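Engineer: Got a structure here, written out as structure tokens. Questions coming.
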Amino acid sequence: MPELQTDVAIVGAGPAGLMLAHLLHNAGIDSVVVDNRSHDDIAHTHRAGILEAGSVRMLGADGVDSRVLTAGHRHDGIDIRVDGISHPLDFPSLVGESVWLYPQNEIFVDLAAARARTSRPTFFSVTDTSLGDIGTERPWVRATTADGDDLRISARYVVGADGSRGPCRAMIPAERKEKFFHEYPFAWFGILCEAPPSHEVLIYSRSERGFALISQRSDTVQRMYFQTPPDTEAADWSEDRIWTELQARVAGPDGFELKTGPIIDKTVLPFRSAVHEPMQHGSLFLAGDSAHTVPPTGAKGLNLAFADVSVLAPALISAMTHDNAEALSGYSQAATRRVWKAQNFSYQMTRMLHTDPDQDAFETRRSLGELRSMLESVHGRRYLAECYTGWPDD
Ligand code: PHB
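Everything in the sequence shown is counted per the numbering used here, starting at 21 for the first residue and increasing by one.
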């Protein structure tokens, strides 16, 4: 295969990589996208489904034709249950915003279709991806295509939107980067089930037995989670045992009951916070999970990846169309400001809602006090609503 020349080589065809490719295309900037996963693998990866209003606006970009507003559901709040007592947060009255429930795999399907309509190359199922010369103005990406051909892409810039285990981040020299990491002493047990929604909005529940989240996917499929020890084996949990545990964690004097149905997927999700700084080196820029991972409690993962793209796309466009490389120099600093706000919110939600088997009784009661201070004050509720719906652009 001949060497491909492009403006921006994008490693990773998840929502961040494809959103970026689309915004660049709309501004007349060319890109080539590669991913080691197949289209169907990405389309069937279940991830959080809550979109901030700003992310929904990005999906409104010309030519994306996302189904978020037709197939997605607007949610005007969440319910935080504390030992069985419901505390609804109403986002429009608190902060004048809403969020949208629209699964991440549907966003990918929309963006992949939009990309295909541009006829610009996207290579799924590649192997042996490597990159180099990122310290120069002619960096490259190489891979083997699904057909076994040698793919060589020569670009002006490379963007690593290749997730937490991709090859891009490792290219930033060790002496130029710093890793910030926090491990939590629990995991989430996640299920997908065939049942109607149990409530109009998502329920985040703190109980003596631990945290539970009652989320949704559609009118007929629901997503629910409960906190477990990290070494939990999904196979050890029967359907009955799962439903008894989930129900016990949301039960309260209001008699609330979950709507149950066949469980079609069970997974144990790791739980950690990581930030890698800086998010740029030479001609390489990182976006999304390749630079940061958040615990799922705040539903910030995809929203942060889109926020990175909303800073990176205009900077790349300015660099390419006005020969203004300076536009890119502030990317990492601008993006990481929001990343740390999201890390703080995800950490705070996690700590306020989970029980930590190793913590002392003081900490358990203190965190309950923190949660009550927030929920019983309009300022606290407004703070939570602002964090959850997303901060205005810096
Ligand atoms: C999900 O639907 O998977 C989900 C929703 C909200 C969260 C985390 C996960 O905070």
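Glycine included, every Cβ here is placed at the ideal spot set by N, Cα and C. Here the structure is a predicted model, which is why all the values come from computation and not from measurement.
1) Helix, strand or coil for Thr90 per DSSP?
2) Cβ-heavy atom distance between Pro316 and the ligand PHB below 7 Å?
3) In the DSSP assignment, find the unbroken beta strand (DSSP E) run with Trp208 in it and report its ends.
4) Going along the chain, which residues of its own chain have a beta-carbon closer than 6 Å to the beta-carbon of Lys199, five neighbours each way excluded?
5) To the nearest angstrom, how far is the alpha carbon of Val146 from that of Leu44?
6) Check each candidate in Ser238, Arg229, Lys286 and Gly275 and name the one with the smallest Cα separation from Trp257.
7) Please indicate yes or no: does the CB of Leu233 lie closer than 7 Å to some heavy atom of the ligand PHB?
8) For the segment 370-384 against the segment 345-357, do three or more pairs of beta-carbon atoms, one drawn from each stretch, fall closer than 8 Å, so that the two count as touching?
9) Looking at the secondary structure, which residues open and close the alpha helix (DSSP H) in which Ala381 lies?
10) When you measure from the CB of Arg243 to every non-hydrogen atom of the ligand PHB, does any distance come out below 7 Å?
11) Can you tell me whether DSSP reads Val76 as helix, strand or coil?
12) Is the separation between the beta-carbon of His301 and that of Ile211 shorter than 8 Å?
13) Where do the ends of the beta strand (DSSP E) carrying Leu121 lie?
14) Kindly examine the ligand PHB and report whether one of its heavy atoms sits closer than 7 Å to the Cβ of Leu151.
15) Quick check on DSSP: helix, strand or coil for Ala232?
16) Which ranges would you report for the alpha helix (DSSP H) in the segment 247-297 if only whole runs of at least 4 residues count?
17) Measure the alpha-carbon distance for Glu203 versus Thr341 and round it to whole angstroms.
18) For Ala181 and Gly272, I'd like the C-alpha separation in whole angstroms.
19) Measuring CB to CB, does Pro250 end up less than 8 Å from Ala194?
20) Between Pro438 and Phe305, what straight-line distance do the alpha-carbon atoms span, to the nearest angstrom?
21) Put Pro377 into one of helix, strand or coil per three-state DSSP.
22) Just to confirm before moving on: does the CB-CB distance between Gly318 and Tyr403 stay below 8 Å?
23) Whole angstroms is fine: what's the gap from Pro334's alpha carbon to Leu171's?
24) Could you work out which residue in Arg140, Gly80, Glu72 and Val31 is closest to Gly48 when comparing CA atoms only?
25) Using CA atoms only, rank isn't needed, just tell me which of Asp328, Cys213 and Arg229 is closest to Ile283.
26) Examine the ligand PHB and report whether any of its heavy atoms sits within less than 7 Å of the Cβ of Leu404.
Structural biologist: To lay it out plainly:
1) Three-state result, Thr90: helix.
2) Pro316: yes, Cβ under 7 Å from the ligand PHB.
3) In this chain, the beta strand (DSSP E) harbouring Trp208 covers Ala207 to Glu214.
4) Excluding the 5 residues flanking it on each side, Lys199 has same chain C-beta neighbours closer than 6 Å at His296, in chain order.
5) Rounded to whole angstroms, Val146 to Leu44 spans 22 Å at the Cα level.
6) Of the listed residues, the one whose Cα sits closest to Trp257 is Lys286.
7) Yes, the beta carbon of Leu233 sits closer than 7 Å to at least one heavy atom of the ligand PHB.
8) Because the criterion of three Cβ pairs below 8 Å is not met, the segment 370-384 and the segment 345-357 do not touch.
9) Note, Ala381: alpha helix (DSSP H), Ala381 to Leu395.
10) Arg243: yes, Cβ under 7 Å from the ligand PHB.
11) DSSP places Val76 within a helical segment (H, G or I) once states are collapsed to three.
12) No, Cβ-Cβ distance for His301 and Ile211 is not below 8 Å.
13) Taken as a continuous stretch (DSSP letters only), the beta strand (DSSP E) holding Leu121 covers Val119 to Leu121.
14) For Leu151, the distance from the CB to the nearest heavy atom of the ligand PHB is not below 7 Å.
15) Collapsing the DSSP output to three states places Ala232 in a strand.
16) DSSP runs (the alpha helix (DSSP H)) wholly in the segment 247-297: 259-270.
17) Taking C-alpha positions only, Glu203 is separated from Thr341 by approximately 42 Å.
18) Answer to the nearest angstrom: the Cα atoms are 43 Å apart.
19) With a cutoff of 8 Å on beta-carbon distance, Pro250 and Ala194 are scored as not near each other.
20) No answer is possible for residue 438: it lies beyond the span of the chain, which begins at 21 and ends at 414.
21) DSSP, reduced to helix, strand and coil, places Pro377 outside both helices and strands of the structure shown, so it counts as coil.
22) For Gly318 and Tyr403, no; Cβs fall outside 8 Å.
23) Distance between the alpha carbons of Pro334 and Leu171 is about 28 Å.
24) With respect to the C-alpha of Gly48, the residue from Arg140, Gly80, Glu72 and Val31 having the closest C-alpha is Arg140.
25) For the residues Asp328, Cys213 and Arg229, the minimum Cα distance to Ile283 belongs to Cys213.
26) Not under cutoff, so the answer is no.
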